[in-house]
Structure formats: C-alpha cells, structure tokens
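S.K.: In full-length UniProt numbering, the protein residues as written are 1 to 605.
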Amino acid sequence: MKATALRMSTLFLRTLREDPADADVDSARLLQRAGYIRKAAPGIWTWLPLGLRVLNKVEAIVREEIDGIGAQEVHFPALLPREPYEATHRWEEYGDNIFRLKDRHGADYLLAPTHEEMFTLLVKDMYSSYKDLPVTLYQIQTKYRDEFRPRAGLVRGREFIMKDAYSFTIDEDGLKQAYQDERAAYERIFQRLGLNYVIVRAVSGPMGGSESEEFLAPLAIGEDTFALAPSGKAWNVEALTTPAVEDVDCSATAAMEALETPDSKTIEKLVDQANALHPRQDGRQWTAADTLKNLIIAVKHAEDDEHERPWRELVAIGLPGDRQVDMKRLEAQFAPAEIEEANEDDLKAHPEFVKGYIGPRVLGPQAEEKEGIAEPVHYLMDAHVARGSAWITGADQEGLHVFNAVYGRDFEADGTVEAVEVRQGDMSPDGSGPLSFERGVEIGQVFQLGLKYSNALDLKVLDQNGKAVPVWMGCYGIGVSRALACIAESHHDEHGLAWPAAVAPAQVHVLATGKQAEVFEKADRLVAELESQGIEVLYDDRPKVSPGVKFKDSELIGVPLVAIVGRDTMSNGTVEIRNRDGSDSVAVPAAEAAQTIAERVAALA
Ligand code: ATP
Ligand code: MG
1 MKATALRMST LFLRTLREDP ADADVDSARL LQRAGYIRKA APGIWTWLPL GLRVLNKVEA
61 IVREEIDGIG AQEVHFPALL PREPYEATHR WEEYGDNIFR LKDRHGADYL LAPTHEEMFT
121 LLVKDMYSSY KDLPVTLYQI QTKYRDEFRP RAGLVRGREF IMKDAYSFTI DEDGLKQAYQ
181 DERAAYERIF QRLGLNYVIV RAVSGPMGGS ESEEFLAPLA IGEDTFALAP SGKAWNVEAL
241 TTPAVEDVDC SATAAMEALE TPDSKTIEKL VDQANALHPR QDGRQWTAAD TLKNLIIAVK
301 HAEDDEHERP WRELVAIGLP GDRQVDMKRL EAQFAPAEIE EANEDDLKAH PEFVKGYIGP
361 RVLGPQAEEK EGIAEPVHYL MDAHVARGSA WITGADQEGL HVFNAVYGRD FEADGTVEAV
421 EVRQGDMSPD GSGPLSFERG VEIGQVFQLG LKYSNALDLK VLDQNGKAVP VWMGCYGIGV
481 SRALACIAES HHDEHGLAWP AAVAPAQVHV LATGKQAEVF EKADRLVAEL ESQGIEVLYD
541 DRPKVSPGVK FKDSELIGVP LVAIVGRDTM SNGTVEIRNR DGSDSVAVPA AEAAQTIAER
601 VAALA
C-alpha cells in the first residue's frame, strides 16, 4: 500500500523558535513550538496536521485494543438535553464544572462531561432481556468540562477527547469480568503508547459505586499524589491502609497514674511540662510520639430509615500526638457521610469533655457505665496505635494528664480507623518496605458502577425467570488527548519532542540539505521509493532553507528516524540514517537507503 509523504514545502506548519508565553509544562511548550497544536482559548486547542496524525495514531491503538475485548463503538452527540442528567442529579452535582446552555425555545442543554446517562438510556431503549447481555459499548468523543483551572496544555483542557466505555451485565460476576477485560486492555494500550503507568486503587468519587482503579502516568507535572511501595504497587493516598501493628509487651509497664500538667492544652506544651515536671527515669526525653490526642469529630449523615432528617453524630478519634489528622483520609472511611471537627455546641452537649484534656476514660467502652455521661461517644483508635503501648493522655480534668495509660490494659476502643496523614517512609500496606510519594497524571480510570445508573434511569431486563432486574454497569475512561500530552511529556529532550515509533507523525524524516537541484532529485527518488513501500515519510523539501534550520526543526518535531540526503550524497553517494537523538548513525549507499530505512522502521515497530 502506498503512503503519501508529508512535504514540508507545502505542509501547514510553522515551527516557533521562541516558547509561547503561557506554556506551563514541556509538552504544551513543545507541541506548540513544533506545530502540533495551537491555542484557540484557555483549555481549548486546535489540532494542526502533525498533531492530528499523532492523535489519530493514539486513537487507533485505543480502538484496536478496546475492539479486541469485544466492545462495540458508537458515537454520541456532545450536546445533550438536561433531563437524563437531572434524573441522576448530576445536572446539579457537577456544579460549575459543566457547560450549560439554552436552545431558542428556552430548553436546557449541556455539553456532556461524560455519558453514563446516555449509554444507559440507549441500552434501555434497545435491549430488554438477559439474552442480550453482556454488552460493552464505547466511543472516542469530545468532552467538555469547565475546569476551574485549565492547565498544562492538553493535560487539563476544557474541551478534550476521551474514550469512554460502559459495560452492561446481568450480574455482579459479569461486571467483574468486564472490568478485568477493560483493565487488561488498558495495560496493553499504555504499553503500546510508550507510557509508564501505575495502577492505584481509588476511593470512589462523586460517581458512586464500589471498586475503582486509576491509571496514573508518574510525572512531576501531575496533580495527583500517589504512594509507591518498593514492590511497585501504588495507592491513592486516601486509599492507603496501615499494615497491622504488632502488639507491644506491657508486662513491665508501671501502673497508670494521673500527674499534674498545668497549662498543657497543646501537645507541644504538654511535652514541655512532662519533661520539666515528670522526667523519665531512663534518661530519654518525652516526645510528642509518647502522647495520645483525642479528637472529637462530627459525622454528618444523610437521612436514613431511622432518621427522617440529616443527622449529626460525634465520634472520638485517638491518634499519636506526633501525627496530624488527615481529614480527607478519615472522611473516606465515613463516606457517604461527611465529617468536620466538632464545634463549641457539640462539645457543650458533653460536659464530660474538658477541652485540651479529653481522655479515654470518658470515651467509648470505658465511658459506658460512668455517671454523668448520658450517651458515650464512639471511640475509634488510629491504626498506628499498638495494643500494649503506653501513652500520656488526657485525664479529663483541667491541668491533669494520665501517664502510662496502656491501650488494651487501661482502656479500650470500639474499633480502629485510618485517621492520620501518611508520611514518606511509613511502611507500605503490602509490607514490602517504606512508602514514597510521587506525582502522577490520571490517564485512565476503570470503575464498577454497580446499579447506580440502572436504578436512577430504570434500566431493567427480564432474567431467566422472567423477572425484571436492574442491569449491572461499569464505566471505563481514557483521556486520549491527555495521554498524548503525557507521551510528549515523557518523551522529549531540550531540543524537542522524541516520539515513540508507535505514535510518531511519520516513520522517517527525510531531510534534503543542500542547494543543488541534484540533492532534491536524489531525495525525491528516495521518498518515492519509501512511499511505494508504504512507509510514512515527513519530507523536508523546503528550498532555500538552511541545513541548520532543517536539523533544528527535525529535532523539534521528533520523528524517531532521520535520513539526510545532502553533502555526503553528492561527494560519496551515501545517505546518513540515524535516530532522532543522533545514535546508531550509518552511512549507506543511496541505492540501499530505502531498504535500510525499511529495516529500521520494522525494528522500531
Ligand atoms: P481529573 O481528576 O484529572 O480531573 P477525572 O477523574 O475527573 O480527572 P474522569 O471523569 O475519570 O476524570 O474521566 C476519565 C478520563 O478523562 C480521566 O482519567 C482523564 O484521563 C481524562 N480527563 C478528565 N478530565 C480531563 C481534562 N480536563 N482534560 C483532559 N483529559 C481529562
Ligand atoms: Mg477519574
């Protein structure tokens, strides 16, 4: 099959010598300078011929792998009516993040940020029996989100391209299978795209549902932080769990005693007072790590079977004094309820709480039989606190703390909780060693939606017994334009882009460098031969452009293989063939050049 070369003498391209003013990351800077994309408005980009070729290749890889797992491609409009999004409450939930508009009759529309509703309604429209399932549908389509801060070029746009797939199965096992298939296809896609990725377990966001994983490209420009274990496993910070801590032997620990600690409402002051008034016998200093803070939070529940209105519940959290509480991690464990620190009114309702001196005595199990405590609050212990460990903690009296309070001996909790911030160096959940924190860009997400959308939009089919049952759904997104940006972000040097062969705008960049007509004739001949072999060529046939400019542009544009027809070709009849970075340079007789290029193209594939 013949390929038509892109001739730079006529190609719609202007490379820029200077960085564009607002390019905040390398990929945005280089994609603009090398003439792949052009800014239309903040977060909105125009694709130029070179850019569109790369985009088409990225899409083709995504399409091949998603077709390969049996999903079928459809295409929805981006402009959609309000009603379906109203039914799932997403019209409101998306807040300012969606573009809303009205038609001439005053009816509400939106530019879709994702298409769960439409896919659900389409399947409802056309299918009615378990015999129709499973089915997975997908599209590669333009999405709109009015991002608060569009940034990093294609990484966070307001108009962008997403592959979104949706699986429909009769039961949860079917969903799990569809999820695994999609997940495996993602791994193949990102490998083929030349993208490094880690898979992190996510906590479900506003989409609701259960199991979900994110594919992150580990890049410094990313807005997501993830925790990485030496084993290569990775976690979203909110999803991290602390490995079980071993019990501590407390047989030699002295009995608990209450000691004077005036003016010690903060951990810092408490440590100072403890060292000043009650120094340890072993010569070591007391530190914040010896103290146990008891934090009262308010959990805000929605109405449920027992409560007609949203209700508020106080919960006490015990945590080591040298660690900060991480409200986001903590909240993830109370989802869908929200949490906040207890306010003055909350505390007033519990006269047993002495601010700055709250201790286990008035919390959870030990508070149950106590006089004056109407309704003891639930007491949860942070997962870092070992049974058998001894603590300085509040004695529920102004100016008094208990020392040698042993967890499991002197007090109990109602359960454990992940309450504190995770630190660099903490043990990883799989026990493979200390965690480190890295930054990444979310390039894809797989999500077990469960029944949320089927219930909201009443998607049911008849099962084997003729009973109408809701359909299990999964949704699976890849940021196609974002992935392209991440490829550029991870494949470039100071001179320009350096595409992996699988997505490069051409397979070889042929440069005709010289003034003589003969150079161009020889280069034309080579290009014609490559075209007839079906090799994709970017051909710098610009007359009156200096070799220096052609070499610079070639490095900027970043085609993996470069062939130079120029001075050497005229003096000794050879064509230089080398990689984009100058490596593996060979000089071959002009007559063999096409053959050598074809072999090297095949080797790169
Ligand atoms: P983020 O947290 O980065 O805003 P998201 O979790 O909201 O992304 P999803 O709703 O999961 O995004 O969308 C599926 C995929 O679409 C994401 O994994 C990401 O690759 C891509 N994507 C999301 N928002 C944008 C955007 N503003 N620009 C480009 N790609 C995006
Ligand atoms: Mg996501």
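Glycine included, each C-beta is placed from N, C-alpha and C at the ideal position.
(1) Taking the alpha helix (DSSP H) that residue 56 belongs to, which residues open and close that run?
(2) Could you tell me how far apart the beta carbons of residue 381 and residue 417 are, in whole angstroms, since I believe they sit closer than 8 Å?
(3) So, using beta-carbon positions, are residue 170 and residue 472 closer together than 9 Å?
(4) On a CA-only basis, which of 363, 109 and 338 is nearest residue 350? Give me that one, please.
(5) So the candidates are 541, 578 and 489; which of them puts its Cα closest to the Cα of residue 155?
(6) So, helix, strand or coil for residue 453, using DSSP?
(7) By a C-beta neighbour count over all protein chains shown, 10 Å radius and 16 as the cutoff for buried, is residue 548 buried or exposed?
(8) Around the Cβ of residue 504, are there at least 16 other Cβ atoms within 10 angstroms (buried) or fewer (exposed)?
(9) Assuming residue 119 is part of the alpha helix (DSSP H), what are its boundary residues?
(10) From residue 267 to residue 248, what does the alpha carbon distance come to, in whole angstroms?
(11) Going along the chain, which residues of its own chain have a beta-carbon closer than 6 Å to the beta-carbon of residue 415, five neighbours each way excluded?
(12) Quick one: which unbroken alpha helix (DSSP H) runs of 4-plus residues sit fully inside the region 165-219? Chain order, please.
(13) Specify the secondary structure class of residue 237 as computed by DSSP and reduced to three states.
(14) Counting C-beta neighbours from all protein chains within 10 Å, is the total for residue 126 16 or more, i.e. buried, or is it exposed?
(15) I want to check one thing, is the minimum distance from the CB of residue 438 to the heavy atoms of the ligand MG below 8 Å?
(16) Who pairs with residue 618 in a beta bridge, going by DSSP?
(17) Roughly how many whole angstroms lie between the Cα atoms of residue 324 and residue 480?
(18) By Cβ distance, which residues of its chain are closer than 6 Å to residue 530, with the 5 residues on each side in sequence left out?
(19) Looking at the structure shown, is residue 465 part of a helix, part of a strand, or coil, going by DSSP?
(20) Could you tell me which residues DSSP puts in a beta bridge with residue 129?
(21) Are the Cβ atoms of residue 437 and residue 474 separated by less than 9 Å?
(22) Taking 8 Å as the line, does the beta carbon of residue 160 fall inside it for any heavy atom of the ligand ATP?
(23) Spatial neighbours of residue 263 within its chain, please: C-beta separation below 8 Å, excluding the five flanking residues on both sides.
(24) Where does the unbroken beta strand (DSSP E) through residue 333 begin, and where does it stop?
(25) Quick one, which of 236, 88, 24 and 227 has its alpha-carbon nearest residue 214's?
(26) For the ligand MG, is there a heavy atom less than 8 Å away from the beta-carbon of residue 112?
(27) Which one or two residues does DSSP pair with residue 224 in a beta bridge?
(28) Check whether the Cβ of residue 60 sits closer than 8 Å to any heavy atom of the ligand MG, and report yes or no.
(29) Please state whether DSSP places residue 548 in a helix, a strand or coil.
(30) Let me know if residue 435 comes out buried or exposed under the rule of 16 or more other beta-carbons within 10 Å of its beta-carbon.
(31) Buried or exposed for residue 487, please, with buried defined as at least 16 other CB atoms from any protein chain shown within 10 angstroms of its CB.
(32) First and last residue of the alpha helix (DSSP H) that includes residue 275?
(33) Mind reading off the beta-carbon distance from residue 58 to residue 139? Whole number of angstroms is fine, and I expect it under 8 Å.
(34) May I have the straight-line CA-CA distance separating residue 55 from residue 425, to the nearest angstrom?
(35) In terms of residues, what are the limits of the beta strand (DSSP E) holding residue 597?
(36) Heavy atom of the ligand MG less than 8 Å from the Cβ of residue 214, yes or no?
M.R.: So, from the listed chains and residues:
(1) 49-68
(2) 7 Å
(3) Yes, the pair counts as a contact, with Cβ atoms nearer than the cut-off.
(4) 363
(5) 489
(6) helix
(7) Around the C-beta of residue 548, fewer than 16 other C-beta atoms lie within 10 Å, and the residue is accordingly described as exposed.
(8) Under this definition residue 504 is a buried residue.
(9) 116-126
(10) Here the alpha carbon of residue 267 sits roughly 23 Å from the alpha carbon of residue 248.
(11) 380
(12) 172-192
(13) Correct three-state label for residue 237: helix.
(14) Residue 126 is classed as exposed because its beta carbon has fewer than 16 other beta carbons within 10 Å across all chains shown.
(15) no
(16) Absent from the structure is residue 618, since the part of the chain shown begins at 1 and ends at 605.
(17) The straight-line gap from Cα to Cα measures roughly 38 Å.
(18) 537 and 594
(19) Residue 465 carries a coil assignment under DSSP once its states are collapsed to helix, strand and coil.
(20) Among the bridge pairs identified by DSSP, residue 129 is matched with 462.
(21) no
(22) Within the cutoff, so yes.
(23) 269, 273 and 399
(24) Run containing residue 333: none; DSSP gives neither H nor E here.
(25) 236
(26) no
(27) 440
(28) no
(29) Three-state result, residue 548: helix.
(30) The residue in question, residue 435, is buried, as its Cβ has 16 or more Cβ neighbours within 10 Å.
(31) buried
(32) It spans 267-277 - the alpha helix (DSSP H) in which residue 275 sits, taken as one unbroken run.
(33) About 15 Å separates the two Cβ atoms, so there is no contact after all.
(34) 40 Å
(35) Counting along the chain, residue 597 falls outside any beta strand (DSSP E), though it belongs to the alpha helix (DSSP H) covering 590-604.
(36) yes
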